[in-house]
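Input: a single structure, listed below in structure tokens.
Protein chains: 2
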Amino acid sequence: MKKNLLKKFHEYFKKNEGRINHYAIPDLWQVWGYDNDSASLTTDGQVITDPDHFFKTLIEEVFLKDAPNTTASLSMQHNLNTSGDWLKDSAIYSSLIRTSSAWDHDRSGFLENSNRDGIKETGTFLKTLALLPFLKKMGINALYLLPIMTFSKSHKKGDMGSPYGVQDFFALDEALQDDLTKDAFTIDEEFRLLVEAAHSLDMRVLIDIIPRTNAIDSHFIKEHPEWFYWVKADQLNDYGPPYIEGIPSTTTPKEKYMKKVYENKNIYKHIDKFDFDPKTKDPELYEKIKDSDNLLDAIEKHYNLTVAPAFSDHINDAQPPWTDITFFRLFFDHPSVAKPYIKKDTPPYILFDSIKCNLYPGQKPNKELWKTIANIIPYYQKTFGIDGARIDMGHALPKDLLAMIIQNARAVDPDFGFIAEELDNANAQDAKDKGYNMIIGNGFFAQPRVFDGSAKKFFYQAADLELPLFAAPETHDTPRIAARDGKEALSKTLAVLNMFTPNGVPFINSGLEIFESQAMNLGLDSTPLEAKRLSYNDPFFGKLALFDRYQLHYTYELRYVIPAILNQVNPIREKLKPALFDRKKLHTYESDNPFFVGLIYMQGKKITMVFGNLNPFHVEQAHIDITPIRRKTKNTKTKGKLLFSTHEAPRLFAQFVSEDVIDIHLGPGEVKIVEL
Amino acid sequence: MKKNLLKKFHEYFKKNEGRINHYAIPDLWQVWGYDNDSASLTTDGQVITDPDHFFKTLIEEVFLKDAPNTTASLSMQHNLNTSGDWLKDSAIYSSLIRTSSAWDHDRSGFLENSNRDGIKETGTFLKTLALLPFLKKMGINALYLLPIMTFSKSHKKGDMGSPYGVQDFFALDEALQDDLTKDAFTIDEEFRLLVEAAHSLDMRVLIDIIPRTNAIDSHFIKEHPEWFYWVKADQLNDYGPPYIEGIPSTTTPKEKYMKKVYENKNIYKHIDKFDFDPKTKDPELYEKIKDSDNLLDAIEKHYNLTVAPAFSDHINDAQPPWTDITFFRLFFDHPSVAKPYIKKDTPPYILFDSIKCNLYPGQKPNKELWKTIANIIPYYQKTFGIDGARIDMGHALPKDLLAMIIQNARAVDPDFGFIAEELDNANAQDAKDKGYNMIIGNGFFAQPRVFDGSAKKFFYQAADLELPLFAAPETHDTPRIAARDGKEALSKTLAVLNMFTPNGVPFINSGLEIFESQAMNLGLDSTPLEAKRLSYNDPFFGKLALFDRYQLHYTYELRYVIPAILNQVNPIREKLKPALFDRKKLHTYESDNPFFVGLIYMQGKKITMVFGNLNPFHVEQAHIDITPIRRKTKNTKTKGKLLFSTHEAPRLFAQFVSEDVIDIHLGPGEVKIVEL
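As you go down the protein sequences, you meet chains W and Z in turn. If you're matching positions, the first sequence starts at 567 in the working numbering and goes up one per residue. If you're matching positions, the second sequence starts at 567 in the working numbering and goes up one per residue.
Below, the structure written as structure tokens:
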């Protein structure tokens, strides 16, 4: 058994104490009880300290006691196997590492790559350790990491580039290594440290893998140019998805449309831009140039070829091509649906059918590529001990490739968990059939919409889905809930209700817990104004974490509100958990009031009633007849016990107006939990 | 000289004291200093009193001293003539009488037509007197009344019907008469009382006239069926604006489209539904039935005819026909543009051209009707002494008719003021040419949009318009500003900035001053959710004041915030007024910050700087170089005086960082006024 990394890092920090003595961190990072005589608090919620002392003490007091001494998933360490269904017992924190633990440590006003102490200020694996005790207090037991792999800097958007433009599945993004430790440890060790630290708190770690696309300058190009689609470099200027007359805008390329696509002349102008890969065209020349410093430039010079940019898989989508990424060529032949229209020797091309190869597979799978892709997760399992993954655009993968990915991961760890990138609740059964353990679902869209009743519907309908879903009002692609109508009040209401959603997995998009109002990306249900939710004078006005250096507003005056609430309700959730995932234990209070949510859980004789007011501005009330619940539970109590309220001075909480009818008043946005 | 009405009402109340002793009113109605030993305050902001005592004291202490003893406009009483341009010196309060002074006087939980004391609880002319002192304190000096005329109850929407479906221009809506006084006074006297009371406070009164349409069961039908368009009653079921292939949706019927309209076959199916009016068809029969109790029924029975419903004047507008109103037949012949396409003996019909007869007049004006319409305002001037009017759909009237309306009014009172229903700022000059004194403008649309810079643009661009415009974030047709993103904070910011808008006339849509969040109508920039801005348990959830009984939330806990602020800034505005309407006196602070408004007014040596932060959530700051202002004013002061801030503890207010550069910090939504 190898000596665990936590110990090694601990020793390193101990040795290095005294290097820096004015390293600022948000006070939220020390909620585990950091105590240092020489640390001082600023008036705006920062702690100024010696980082080596800080991390030494953190490891010592928080992680070391239960540090694992093996690199394996938590389930493997404890010999658990639920086929990944531990996901339903989890509460997930979603983090883009470079953002979540970014801090202006030298208080210069800028988030520097190298500050006055020579320290990188964007987030790192190491600094993420400082978040874990804080997350633990909120009941989080799974850390979900947005892409951590090396990504392309060549066509980057924003000042950092998008981590979704992965360049190498098997190399971590160097920016995530910390300057405090980089001389003594490798980046792989730093990520492994983070996984070990999480595991020591019984917290699982999931990663995001993006198997359908790769960066335009993918590291795979050199050895495998035939894994990509190529266009003539001098024809790139008007390259893009061809417009298909007679098909509505943004249409899924269902089979019935494909005849129209291939009968349209525009697509042949598009297809003619493509050519075979350079190695196929002239293998000898390729051998000569493949070691060039800038391979793409060399290919362009010698072949007039470049990698074809990706674009939307919807027909007549107005989005321009995605110039930073390309699709993998998952089949060597053309999609079967195209064969009647296309000469056999037509070079491979990107079109709606070759993108959505789940619907339009070819007959000659690119087996070596498939094997490589299906080996990503096992690599991360064996090297770092991760516990689960989300598969980006999994729905666009060939069925067999998806099955391979899931199989390979479960061969290493039968309890490996899979989250489907599935936003439509109606597809829960389909995701389950494919081997996923949960879906993302439509919470991000429904929950902010309290006035038309969508939010209430979400909490009621979640119970009937075939798979658990994220109980969350935002993701890294959507507007922030704190920026929506209802602001902090609604954020608070939803934070609590999400802990008690039937069939729901609480999911916190990093920043939600401190009412961060600036979106990370404008991908879903958004407008450009979501990048401008701050003061114009804020250095992050107009910046998006997915593309730019970004620091969360960890010192916001209300930062402790949601964490304190979640800390308070988590024990209640723990006791209620079996009922949350058992439809028979739930009774929903039905009424026309679009704001009043009543989730009543029955466990033996015990009745736990979760009442939520989704109206952030007004009081709501209801008379609830519990006769059917009395009948089922044989509970005859006529005095309730208030387990929790979001409000400091809650309104009268559960007055029985008759033996079986309770009168509930809820303040604006209030959630009340009452036990009978 | 006739004895004034205020005195008569005063005597009446005095005589009747003691009739009722538990009449509840909102405490805002007694801000003039009502003092009564037997009145009591409730914990929720109501006063319970004897209404006769209340109104007696109100008239005595507030109105009687300066009561006019003539029925004439304020300008006529004081021999003023600015051709109506007093409007730019005004601050307007817009009121739908039945809503603004509605109250649940018996605290039964319902707004009754006859409560337990036999008193109508919806608003009345009389009760509006109780609002005036409160309005006066906010700087209001003009009361603008939404329609007060008798309207149709036969096709009514909601539980009250829309006052825009006017049935009789020369009869007031009976619902506006108060039960306290109806035995002793006529409704005309009650309205005249209101005008006198307003005039006694130097407050002008404007009304809303709707000359283009009338109710389906207009009182004019009996004597003048030929003033209306008629359709065959059995062909009404699929009646509606014909769809014109090849014209985009909701298109203004410009000349270039009319050929397409008349070449389209659909319109002849539409035109064929019309027929001549019953009197023209069979005058003898008409003479026999015209006195029927239900004339429309009788016409339908004997002629198979009914009045044709109105519809939108835009081509291919998806709105269904407006079943409660119809258009007046302003010309006896067909629109000139139609003549090449239409047989001469085709019955008169409603179509885009006959609706917009400003663009497509006929050659035979319906002179008697025109005279009647042009006599509406003179009637109200002579009978009640009103000061001004807004003309609904004035843009759709024949130019000559509009000119007649304006001329006739100014013949009675050369200082009569006219407001154009013009929402497009670009048409200000055109409105001016027609004789209007101001336009509504786009404030209701631009002001709520703070994040994309529209709001700031509004305050800067208003200065350059050829006519003043409403400085207002809402009207009775739009969502409430307190329901928009920014809520109370933004409402407050805008309330102050609107008092200092260059070329702007502050305009308060009744309820705005107490943060009312429920819209009155869903007519503009709205969705159905604006009717659901209250608690589901609120009796007015889902109700719209324009159609339903509605009571404003006068006891909202923050009700004094805006009134107190306006009371405080009004004297500053009074001093600044000449500069507000003189472009040369204004310097705007230019920057890219979409939230920071800087309006700098110069009066002689005096510099008054109005700084507003349109960001409701964050602090904003600016460095303002006042060198050009120093040059113009020769003002060299380096210490500013803070005249006003919306914030109780305002941030550092005007620190000179150099001799000519001021550093201004504004809290979230703060407005600061600084004098140099």
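Every residue gets a Cβ at the ideal spot worked out from N, C-alpha and C, and that includes glycine. Note that the structure is a prediction, hence the values are computed from the model and not measured.
- Neighbours of LEU1100 (chain Z) in chain W, taken as residues at a C-beta separation under 7 angstroms, are given in chain order as HIS1184.
- Beta-bridge annotation (DSSP): GLY1178 (chain Z) is paired with Z:VAL1163, Z:VAL1237.
- Spatial neighbours of GLY1070 (chain W) in its own chain (CB-CB distance under 6 angstroms, excluding positions within 5 residues in sequence) are listed in chain order as ALA1028, ALA1037.
- Secondary structure of TYR945 (chain Z) (DSSP, three-state): helix.
- Counting only Cβ-Cβ distances below 7 angstroms, PRO1045 (chain W) has no contacts in chain Z at all, with the closest Cβ about 11 angstroms away.
- Ranked by Cα distance from ASP768 (chain Z), the first of Z:LEU698, Z:ILE714, Z:THR716, Z:ASN679 is Z:LEU698.
- For the stretch 1161-1183 of chain Z, the residues whose beta carbon sits under 8 angstroms from a beta carbon of chain W are, in order, PHE1161, PHE1162, ASN1181, PHE1183.
- Against chain Z, a Cβ distance below 9 angstroms from SER1020 (chain W) picks out nothing, because the smallest value is about 11 angstroms.
- In the pairwise beta carbon analysis, the stretch 674-686 of chain Z is classified as not touching the stretch 620-631 of chain Z: fewer than three pairs are separated by under 8 angstroms.
- Residue range 658-661 is occupied by the beta strand (DSSP E) that includes SER660 (chain W).
- Around ASP979 (chain W), the same chain offers ALA638, SER639, SER641, MET642, GLN947, ASP953 as residues with beta carbons nearer than 8 angstroms, after the five sequence neighbours per side are excluded.
- If you check each beta-carbon in the stretch 690-721 of chain Z against every beta-carbon of chain W, none falls closer than 8 angstroms.
- In its chain, beyond the 5 residues on either side, PRO1182, PHE1183, PRO1234, GLY1235 have a beta carbon closer than 8 angstroms to the beta carbon of ALA1055 (chain W).
- Against chain W, a Cβ distance below 7 angstroms from PHE1017 (chain Z) picks out LEU1095, LYS1098.
- Nearest Cα to GLY812 (chain W) within the set W:ASP804, W:ASP739, W:LYS831: W:LYS831.
- By the C-beta density criterion, LEU646 (chain Z) is exposed, having fewer than 16 other C-beta atoms within 10 angstroms.
- A residue is called buried once 16 or more other Cβ atoms fall within 10 Å of its Cβ, and HIS576 (chain Z) is buried on that count.
- In the three-state DSSP reduction, ASN1075 (chain W) falls in the strand class (E or B).
- Segment contact: the stretch 965-973 of chain W against the stretch 1005-1025 of chain W, fewer than three CB-CB distances shorter than 8 angstroms; contact not assigned.
- Among the bridge pairs identified by DSSP, PRO592 (chain W) is matched with W:GLN612.
- For ILE1190 (chain W), the pairing in a beta bridge is given by DSSP as W:ILE1228.
- Considering only Z:PHE1066, Z:PHE1106, Z:ARG1149, Z:SER1076, the residue with the shortest C-alpha distance to VAL1240 (chain Z) is Z:PHE1066.
- With a threshold of 7 angstroms between beta carbons, ASN1159 (chain Z) makes contact with chain W.
- For ASP883 (chain W), no chain Z residue has a Cβ inside 8 angstroms of its Cβ, as the nearest lies near 23 angstroms away.
- Assigned with DSSP and collapsed to three states, ILE952 (chain Z) falls in coil, not helix or strand.
- If the five residues before and after MET715 (chain Z) are omitted, its C-beta is found closer than 7 angstroms to the C-beta atoms of VAL732, ASP734, PHE735, ALA737, LEU738, ASP739, all from its own chain and listed in chain order.
- Per DSSP, the beta-bridge partners of MET1004 (chain Z) are Z:ILE985.
- About 5 angstroms separates the beta carbon of ASP774 (chain Z) from that of LEU712 (chain Z), a gap short enough to meet the 8 angstroms contact definition.
- Put simply, the stretch 1045-1065 of chain Z touches the stretch 1133-1149 of chain Z. At least three CB pairs are less than 8 angstroms apart.
- Closer than 7 angstroms to the CB of GLN1187 (chain W) there is at least one CB belonging to chain Z.
- Spatial neighbours of GLY806 (chain W) in its own chain (CB-CB distance under 6 angstroms, excluding positions within 5 residues in sequence) are listed in chain order as PRO887.
- Taking a Cβ-Cβ cut-off of 7 angstroms, the neighbours of ASN1103 (chain W) in chain Z comprise GLU1186, GLN1187, given in sequence order.
- Taking a cut-off of 8 angstroms on C-beta distances, the stretch 590-608 of chain Z does not touch the stretch 786-798 of chain Z, as fewer than three cross pairs fall below it.
- For the pair HIS900 (chain W) and PHE918 (chain W), the Cα-to-Cα distance works out to about 12 angstroms.
- If only uninterrupted beta strand (DSSP E) runs of at least 3 residues are considered, those enclosed by the stretch 1032-1062 of chain W are 1035-1037.
- Rounded to the nearest whole angstrom, the C-alpha separation of THR636 (chain Z) and ASN570 (chain Z) is 7 angstroms.
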